[in-house]
Amino acid sequence: MAILTLEGVRFRAGGAEIIRPCDLALAEGEYLAIVGPSGCGKSTLLRLVAGLERATGGTITLDGRAVSGPGLHVPPEARGIGMVFQSYALWPHMDVAGNVAYGLRRRGLARADRAARVAEALETVGLTGFGARRIPSLSGGQRQRVALARCLAMRPRLLLLDEPLANLDTHLREAMIDEFRRLHRTTGTTIVHVTHDQAEAMVLADRIAVMGQGGFLQVDTPATLWREPVSAEVARFVGKGQVLPVEVVTPGALAEVLVFGRPARMRAPAGITRGPALATVRAEDILREPGGLPARILDRQDTGAAVVLTVEVVDSPGTILRLRQTGPVPGALGEVIGIGFRDGWLIRDGGAEGRGTHSVRAEARVSAGH
Amino acid sequence: MTPEPLAAGQARRPFPAEALFLAGLGVFVLALCLWPLGRLVATVFAEGAGPGARFIAEVWASDAARVATLNTLWAAGWATLLSLLLGGGMALLVTLVPVRGRAVLVFLVILPLLIPPQISTLAWLSFVGSQSPLWALPGLEALRPRGNPLLGANGIVLVMGLEHAPLVFLALRAGLRALPADLIDAARMVGATPLSAVRGIVLPLMLPALAAGALLAFVSAIGNFGVPALLGIPGRYPMLTTLIYQRLSGFGPSALPEVAALALILAVIALVCVGLQALALRRLAVAMNRDAGVHRGFARGRAATGLGALAWALMIVVAVLPLCALVASALVPAVGVRLSLETITAENLIYVVTGLGAAQRAFVNSLGLAGATAAITLALAVPLAWLIVARRSTVARGLGAVADLPYVLPGIVLSIAMILTFLPPLPGTGISLYNTIWILLLAYLARFFALALRPVIAALTQLDPALEEAARMSGAGTVRRLLTIVLPLLAPALGAGAILVFLGAFSELTVSALLWSRGSETVGVMVFSLYDEGNATAAAAVSVWVLAIVLALAGLVTRLARHLPEGVLPWQS
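So the protein lines, in turn, are chains A and B. Under the working numbering, the first residue of the first sequence carries the number 136, and numbering increases by one thereafter. Under the working numbering, the first residue of the second sequence carries the number 21, and numbering increases by one thereafter.
Written out as structure tokens, the structure reads:
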């Protein structure tokens, strides 16, 4: 049974639609990441679940009990959800143990039980013995752990994480990602994790919900999201997919297409028809191919593990593509090379965007721009 | 394009603008803000530390001084408690509960800050005095007081408490605005109700802000002259400020050493409070080192609506009705006449500006003094603030701290210091500034320089230093940068600062009470002396004019608020 269900949940504020009707069902023990560019509404959606904002429509159900709906709003303190804030929101006038114990006191636990639960929570996050420390004396990573311990002490069945890693440096972030995976494994808590970093989401989540303009664009496993994005927007957001105009010649699960007049084979969802369409291609799937599509090298970037070549299609000035190759890669700036496409995925909703070559060109330029 | 050659500019000796600014400002601040206070100390300790201390002990030993000191502390203490309850409660309410018409409500709460104390006192006297239209309301006739219900300690506590509530309000509101909303949300996520979140999280974190606000209210109360002058002198409840005033006006300059000692006692109490307040604010800064969104208020509901209605009702009774009563008492021909369509008249209002010579002079003097004070203090505040913020000059920061002294010390202390300094003829001229309008101007400049400096510093601090650095990279020197980059960007803040200084100086009473003379009357003094002479209607009429000018200017500056950097206006909602 789903532990969290959203049905048509929406939120308007100041006359603007912040959250368009959203549906979601989350299984117990699942790790869901919500990703999207800043301002897409992902934090607001989390605050709706928490009860810190009041939904203007739809129903939110927690473990079979409606907590938000028409004429119903269970306040956050009565929902029993844990939440880690982006800023950690540690109370500066209490020490570490005081922060962790605060909610237990609200719940009326006896002193001894409280102390045991605090010690246990601090141990879980690796901060045993930190109880008497003042908040200002803690590092960023330690604060993060205290915030987490404060939630875990309440033993919530649902844990909300609002950009919990955004304020940490790269090194600490990786350590905390491992920590979250371990916590999720050992406690079995259901987690909803909001982040703008899709790489973070990919590593952590069982499922990822991609948000844009206040609504879900796609909710799928990381692998599906990567291989089969439903729209150009999702393709571009997840793994910097490049979106190209193509011409479908023979539809099918592995369709025959023409890319700038050259034949290639690409995977396709059901319902793709002959004619112009959009395809998403990963930088890894564009290869150098002698006699292939002529492209001029504009830039090369040596990342150590691989070389990323930025090329412009000679026949279609303005169409910029990136190739990612491992091993020694010859090719100087300005040189014209041949390229080919090893794999690609046709986008179902690309039909509308795909009509009219001119707009498609513009589309391709925009997609390659970053 | 051809690149320009590097280092082509002349390595000419730069115009020593900074050094000149610093020298000029140093002379101004030290001569007006520090030297007079030094004279005050020197007068008491004229014969050395031992005799000076003995002299203070002698003054202190007199019954009058001891009673006045105890009265001052007692009344100021209770008034501060009232300020704390009203100002603190309103700050919590307007910040944490979504109240209807929040901006107007905030304006009503800070309104007493804009209205000089003697006018607030008159307003309350008209509101609850035996002649008030209030008692004509059905059912209230039985409550009509015999004499003046506000005379004495209780009235002083009430009016001063209300008068200084905005100080607590502003201190707490500033603290609450710096309180990250997350901290409250986090408490609710672990099961705290709104009320227990306020008790367990908000109030403990706001203790320093509350302490700072309360200390500020206390300092203002012990230095207040307008309220005890109107309620304490006739009510035979002497306080330090009124005792100093009565001694000096009764015995003349011969009483100077004694009142200097009394002023010193007052100054020491004030300085201790100001020091504690600075400590409290520093603790607040440590707790709130992060800026985050302000809490948008606990969810709407019946409780929120009820609290909002209560707040509105309270502010209307406390802030609006007394002023209405004051206006009403200015619109009747004489005290005791009931206001009706038959009796209403604008005669008093017209008389005080056309027929009453002293009042006419007072308006001209006060407008001129306030205008000159605003212009001069702002002109000097810009370079000093720039030296403090942009150049990080330690000397300039020191001057800024010294300039604070005449503003935080009770006004009556400053006026005694001014008399001691400018009563003797100016060196080499044989001219004494005492009994001229110039001593008022100098006192106002000393008093309000800090008020002009604060908004300019606030605005400059928020100015990206890169803007000036870019001008420097484009080859602009110090003066050019100040004129073409800094000044235009500061313009809105300067306008607001000028209005704030003007508002303060225009209706000033405490400093002026001892410095005015025939021919150099000010409106603040006029209200007080007209009432003192028994001409309550004329006093009310002058008050109504002052009120109109003050409210118009406050309205103007509030409309300007959108264009102002944060922290320039003390009452941004």
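Glycine is no exception: its CB is placed at the ideal position from the N, C-alpha and C atoms. Remember, it's a predicted structure, so these values are computed and weren't measured experimentally.
If you measure between the beta carbons of residue i and residue j, is that distance less than 8 Å?
i       : j       : result
D230(A) : A267(A) : yes
P273(B) : T63(B)  : no
A213(A) : V144(A) : no
V253(A) : V235(A) : yes
M311(A) : G276(A) : yes
A290(B) : L429(B) : yes
Q482(B) : P342(B) : no
V394(A) : V381(A) : yes
P128(B) : A185(B) : In the sequence as displayed, the identity of residue 128(B) is Leu instead of Pro. Not closer than 8 Å, so no.
V482(A) : A370(A) : Rather than Val, the amino acid found at residue 482(A) in this sequence is Ile. Yes, they are a contact pair.
F147(B) : L154(B) : yes
G544(B) : Q138(B) : yes
L346(B) : A560(B) : yes
L287(A) : V281(A) : no
May I have the straight-line CA-CA distance separating residue i from residue j, to the nearest angstrom?
i       : j       : result
I336(B) : C344(B) : 10 Å
A206(B) : L283(A) : 12 Å
L529(B) : L535(B) : 10 Å
A496(B) : T504(B) : 9 Å
L286(B) : G418(B) : 24 Å
T445(A) : R459(A) : 9 Å
R582(B) : P512(B) : 10 Å
Q436(A) : T461(A) : 12 Å
I421(A) : A412(A) : 18 Å
L330(B) : V114(B) : 12 Å
V378(A) : R417(A) : 9 Å
D311(B) : N302(A) : Caution applies to D311(B), whose pLDDT of 49 falls short of 50 and renders its modelled position unreliable; the model cannot decide the point.
N309(B) : T414(B) : For N309(B), the predicted structure reports a pLDDT of 48, less than 50, and the residue's modelled location is therefore unreliable. A value from the coordinates is still provided. Going by the C-alpha atoms only, they are around 24 Å apart.
Which same chain residues, not among the five before or five after residue i, have their C-beta less than 6 Å away from its C-beta?
i       : result
F522(B) : A390 and A394
A232(B) : A191, Q297, A300 and L301
A556(B) : V355
H208(A) : R189
I519(B) : L573 and V577
I153(A) : F146, G176, T179 and G349
V357(B) : T363
V352(B) : L359 and T363
A160(A) : A137 and T140
Tell me where the alpha helix (DSSP H) around residue i begins and ends.
i       : result
F522(B) : L507 to F526
A418(A) : From DSSP, A418(A) is part of no alpha helix (DSSP H); its letter is neither H nor E.
T141(B) : P137 to V148
I253(B) : Neither: I253(B) is in no alpha helix (DSSP H) and is coded neither H nor E.
E382(A) : Where E382(A) is concerned, there is no enclosing alpha helix (DSSP H), although the beta strand (DSSP E) it sits in stretches over Q377 to T385.
Over what stretch of residues does the beta strand (DSSP E) that includes residue i continue unbroken?
i       : result
H583(B) : That residue, H583(B), is in no beta strand (DSSP E); it is neither H nor E in DSSP.
T393(B) : Note, T393(B): premise wrong, no beta strand (DSSP E); alpha helix (DSSP H) at G377 to V409.
H306(A) : Careful: H306(A) lies outside any beta strand (DSSP E), inside the alpha helix (DSSP H) at T305 to T322.
C53(B)  : Counting along the chain, C53(B) falls outside any beta strand (DSSP E), and DSSP gives it neither H nor E.
M401(A) : R397 to R402
W155(B) : Counting along the chain, W155(B) falls outside any beta strand (DSSP E), and DSSP gives it neither H nor E.
W94(B)  : Taken as a continuous stretch (DSSP letters only), W94(B) belongs to no beta strand (DSSP E), being part of the alpha helix (DSSP H) at D83 to L116.
Y166(A) : Y166 to V170
D355(A) : G350 to D355
Once the 5 residues before and after residue i are set aside, which same chain residues still bring their CB inside 7 Å of it?
i       : result
R240(A) : R249
A497(A) : Confidence at A497(A) is low in this model, with a pLDDT of 35, below 50, so the placement of that residue should be treated as unreliable; the coordinate-derived value is given next. Answer for A497(A): no residue qualifies.
E165(A) : T325, D341 and R342
A334(A) : none
L196(B) : A111, T115 and M226
Who are the near neighbours of residue i in its chain, counting only those whose CB is closer than 8 Å to its CB and skipping five residues on each side?
i       : result
W226(A) : G233, N234, Y237 and I270
L101(B) : G181
Y427(B) : R467, F468, F469, A470 and L471
Quiz prompt | Proximal residues, the region 179-191 of chain A versus chain B, C-beta separation under 7 Å | solution = A185, L187 and R189
Quiz prompt | Interface positions of the region 190-216 of chain B facing chain A (Cβ-Cβ less than 9 Å), listed along the chain | solution = P200, A201, D202, L203, I204, D205, A206, A207, R208, M209, V210, G211, A212, T213, P214 and S216
Quiz item: If you measure beta-carbon to beta-carbon, which residues of the region 378-411 of chain B are closer than 9 Å to chain A?
Solution: none
Quiz prompt | Against chain A: residues of the region 221-235 of chain B by CB proximity under 9 Å | solution = Here the close residues are I221, P224, L225 and L227.
Practice problem: With 9 Å as the limit, tell me which residues of the region 200-213 of chain A have their beta carbon closer than that to any beta carbon of chain B; keep them in chain order. | Solution: H208, P210, P211, E212 and A213
Quiz prompt | Selection of the region 238-265 of chain A by Cβ proximity to chain B, strictly under 7 Å | solution = G238, R241 and R242
Practice problem: Mind checking the region 304-318 of chain A against chain B and listing, in chain order, the residues whose C-beta falls within less than 9 Å of any C-beta there? | Solution: none
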